[in-house]
Amino acid sequence: EAHRRREEALLKAKEAAEAERRHAEEQLQREKRRKQEIEAEAARLAEQAKHANKAREELRQQEEEARRRAAAELRKKEIELQERLEQERDKLEKEKHEMRRKMKEEQQLHMQKVKEREIELIEKETSFNELLDESFQKEKRAILENERKLQQQIEALRQEDNRRQQDADTRL
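For the sequence shown, this note's numbering gives the first residue as 1, with consecutive numbering after it.
The structure is reproduced here in structure tokens:
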């Protein structure tokens, strides 16, 4: 009887040990699956971060190129306006010389008319310079406005990138 009870106790202990071993094995398999899921999520987030970094770099390069283009366009406009101003100055200077030559040749009666014409030319030059300056300022404002809009787009993309990065970090 004692032998039979001992065998039953031994059998129960074996069954309990086997159940515990199966439970531990199931637990180990769950932990392995969980580890694989975490590793897959980490790899996915790393890939996402890599793409975000690439997009950020492309955005920086686009921003830099846009600034270069805007600066080049501004320089080009400035040079064009300066050339036009120089041409007008040369033209006005030639006209002044011609007027002076005529003044010497003409009688005293015509001197007053020549002076009036010279004043008119100076007013034209001033008016032209003002128009030229106004045109230049409009161009400059348009370029600055474009650059400001571009900066806003860049900032919006950065914020979206930061939000995605934070989402990725949160998921991690």
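Heads up, the beta-carbon is just placed ideally off N, CA and C, and yes, glycines get one too.
Keep in mind the model is a prediction, meaning the values are calculated, not measured.
Assigned secondary structure, residue i (DSSP; H/G/I helix, E/B strand, else coil)
{"i": "L172", "result": "coil"}
{"i": "E134", "result": "helix"}
Element boundaries [alpha helix (DSSP H), containing residue i]
{"i": "E95", "result": "2-105"}
Contact set for residue i: own chain, Cβ-Cβ below 6 Å, skip 5 residues either direction
{"i": "E39", "result": "none"}
Beta-carbon proximity list for residue i, same chain, < 8 Å, skipping 5 on both sides
{"i": "K41", "result": "Position check: residue 41 holds Glu in this sequence, whereas Lys was assumed. Cβ within range, chain order: R171, L172."}
{"i": "E78", "result": "F136"}
{"i": "R67", "result": "E147"}
{"i": "L186", "result": "This structure gives no information on residue 186, because the portion of the chain shown stretches from 1 to 172."}
Own chain partners of residue i with C-beta closer than 7 Å, once the 5 adjacent residues on each side are dropped
{"i": "L132", "result": "L81, R84, L85"}
Residue-level contact to chain C via CB, residue i, 8 Å cutoff
{"i": "E83", "result": "Any reference to chain C falls outside this structure, which holds one protein chain only."}
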